[in-house]
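Okay, so here's the structure we're looking at.
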Amino acid sequence: MPLNPTQALVFSYFENFYSGPAEPLAIFKHIQEHFSILPELRTDTTRNGRGKVLLRLLRCLHLHKGSSDTLTLLYVCACRCYGVSARLVEAVHGPANGVLLLAESFDPDSGSWKRVDFSRLKYGGVAYDPTKSAKPCNREKAVEYAPSESSEYGGRLYVQRDNKLFVYKREPDLRVVAILVSRSRRPSQAVLNVSEFRFEEEEFRQRLVRDKQKPGAKDARQEFHYVFGCNKYGWLSEITPKYVERYNDVCVKRGKELQAWLVQTIERLNEPVKSVSGAGIVSMLERAESKWMETRVSNDPLPDSKARLKNHPVYVLASQIGSNHILKKDATPIAFLKGEEVYLRCDLEALKTRGAWRKANRRVLDDVQPITTRKTYNRNTRMHVNTSLFSESQTELIPQEVATDGSIPTTEYDNVDVTGQRFVPQGTIYLRTKRLDLLLRAANALQLHYKRAFSSYQKTDTFKPEIDGIVIQKANLPALLQKYEELAMEAATKALEEKKESYRNFWRSVFKTMLADPPSVAQEHHNKIRRELNEHVTHFLNRVEHLT
């Protein structure tokens, strides 16, 4: 079967120059030694500019060898082999939601991440022409580095001992301010300082030289919706603010629920990576860039139309402030759009009913007047009623109740309300499950003291609690979980047997129907056919029961 262009490059090199688990390194060493493309990478003196050098390495493979996706993957492999911080970037752009595979490498000279796009052969916005053959001389920047035992920079003395770097501050007496330990024998090539990552200066410089005109039709088609980056440790980052001009407008198109889910999902995916050995220094770049992107998003330009201001996460128009919000006392307009005031959304204060504040574990103070009233429709009485709304400053936090003498505080209906952000009584724990019957059976079997609890209400005309769990003492949790697991296993086994029995009954009914109405209508053969079918049916059912 012929290979497509995407597979051709990968298979040809991997088959001829395979060397165990480090095959990507063998590929690039072979190219380097036999084609004399990059003499700079043979020495240990080159520290900066390697990402650009590696782009030129793969530039000669661009024509008639592999697709941009293949070269992007090989580029990231090469960067990681040579110690360059690089990550894969997957972007979703519209309007057809196409997926584009890019790469980014960290450039210490500019202190920022450079986008690497093999579809256009661009590195950080600079285009390179594809070449068919290697050039003998590459005028790449090489920083000479002479290893020494000590050096002085910025009023501090750096002393290196093997893989340790001691940093002293010059005062009347030398004082140690930091000791850096690295697995590498050259700590000076691995130690990075977040304060030297000049993300802001690089971004401001690009904004000054960027064309402010409206994008053309081709650029409009390349509008990015989602852009994610992933380093070699699996640290996932959303870097969409780097690829779009107005990130807040993108968030509005996504919707609040999707955006909140996306942020929470990324945090959960990165949680196991935090404990991986060696991920600290690499992830430090990600965190520093994340802070820079937050600053960039907060400085997004003001939308130029009322439609773009609707549901904007940063700005709000005075006429778009709903009845559930009011402006804070010190709120001042930051701009005017077509004669109307524009405020920051953080200057709004939420208004809620007594019940809504109770779900947030707060209660309205006594003898306070509502900020405003709103007419709402009551489905129970089928009448419009006036509902009072209060601000957070008119409420106080509901203290956590204490379970005394083994009892569990409940509501007037003898259950525990855990809706919203309400606390469970101190010393207790709330258990929720879809098989509430098994949970109650386990608690009753152990004779534990418990109270039914609910976290939501049924979708009916009345506010009827949806009992979905119980509240017990924390000390009884291990025994209850063990008993619940036993009952759940018994229930699962019973359900499986019932399912098998339903299969047996089905086949019995099928063959009984066949026996009652035999395929032959001849009277002389009826008894013979019935007898043979009985024998075959009995044998078949025995086999079915044996197999199941």
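896 is the number of the first residue of the sequence shown in our numbering; add one for each residue after it. Cβ coordinates follow ideal geometry from the N, Cα and C atoms, glycine included. Because the structure is a prediction, the values reported are computed rather than measured.
Tell me whether residue i sits in a helix, a strand or coil according to DSSP, three-state version.
i, result
"Leu969", "helix"
"Arg1347", "strand"
"Leu983", "strand"
"Gly1250", "helix"
"Gln1154", "helix"
"Ile1367", "strand"
"His1431", "helix"
"Ala1226", "coil"
"Lys863", "Any property of residue 863 remains undetermined from this structure, which presents the chain solely from 896 to 1443."
"Thr1160", "helix"
"Val1139", "coil"
"Ala1450", "This structure does not reach residue 1450, given that the chain is present from 896 up to 1443, and the question cannot be answered."
"Gln1377", "helix"
"Ser1286", "strand"
"Glu1235", "strand"
"Thr1306", "coil"
"Asn1437", "helix"
"Phe1094", "Residue placement at Phe1094 is poorly supported in this model, since its pLDDT is 41, which falls under 50; the coordinates are not used for a value here."
"Arg1269", "strand"
"Leu1016", "coil"
"Asp1242", "helix"
"Asp964", "helix"
"Arg1166", "The sequence shown places Glu at residue 1166, rather than the Arg named in the question. Three-state DSSP puts Glu1166 in coil, outside helix and strand."
Have a look at the options and flag the residue whose alpha-carbon is nearest the alpha-carbon of residue i.
i, options, result
"Val1211", "Lys1224, Pro1228 and Asn1219", "Pro1228"
"Glu1140", "His1120, Cys1241 and Ile1365", "His1120"
"Asp1300", "Lys1137, Asp1312, Thr1314 and Gln1321", "Gln1321"
"Phe1123", "Ile1161, Ala1022 and Val1147", "Ile1161"
"Lys1205", "Leu1153, Val1147 and Val1158", "Val1147"
"Val1405", "Leu1428, Leu1391 and Ser1200", "Leu1428"
"Ser1000", "Lys1151, Ala973 and Val1145", "Ala973"
"Arg1258", "Asn1126, Leu966 and Glu1291", "Glu1291"
For residue i and residue j, which I take to be in contact (beta-carbon distance under 8 Å), what is that distance rounded to the nearest angstrom?
i, j, result
"Asn1256", "Gln1316", "5 Å"
"Ser1283", "Thr1268", "6 Å"
"Ser1214", "Glu1189", "Not confirmed; about 29 Å, so no contact."
"Val984", "Ile1134", "7 Å"
"Lys1346", "Ile1303", "5 Å"
Give me the Cα-Cα distance between residue i and residue j, rounded to the nearest whole angstrom.
i, j, result
"Asp1225", "Ala1298", "43 Å"
"Leu1164", "Ala1230", "39 Å"
"Lys1359", "Thr1328", "19 Å"
"Leu997", "Tyr1142", "19 Å"
"Val1054", "Glu1184", "30 Å"
"Lys1233", "Trp1008", "39 Å"
"Phe1318", "Leu1246", "22 Å"
"Val1086", "Leu1326", "Residue confidence for Val1086 is low, a pLDDT of 37 falling below 50, so the modelled location carries little weight; the figure read from the coordinates is stated next. Each residue's alpha carbon lies about 47 Å from the other."
"Ser1397", "Lys1407", "15 Å"
"Val1168", "Leu1131", "9 Å"
"Lys1270", "Met1278", "10 Å"
"Lys1395", "Gln1377", "28 Å"
"Arg1330", "Ile1365", "12 Å"
For residue i, which residues does DSSP report across the bridge?
i, result
"Cys1125", "Leu983 and Leu1131"
"Trp1402", "Looking at the DSSP assignment, Trp1402 forms no beta bridge with any residue, so it has no partner."
"Ala1298", "Note: Ala1298 sits in no beta bridge, so no partner."
"Ala998", "Leu983 and Val1011"
"Phe1318", "DSSP lists no partner for Phe1318."
"Met1188", "Met1188 pairs with nothing; no bridge assigned."
"Val1021", "Tyr1018"
"Glu1361", "Ser1351"
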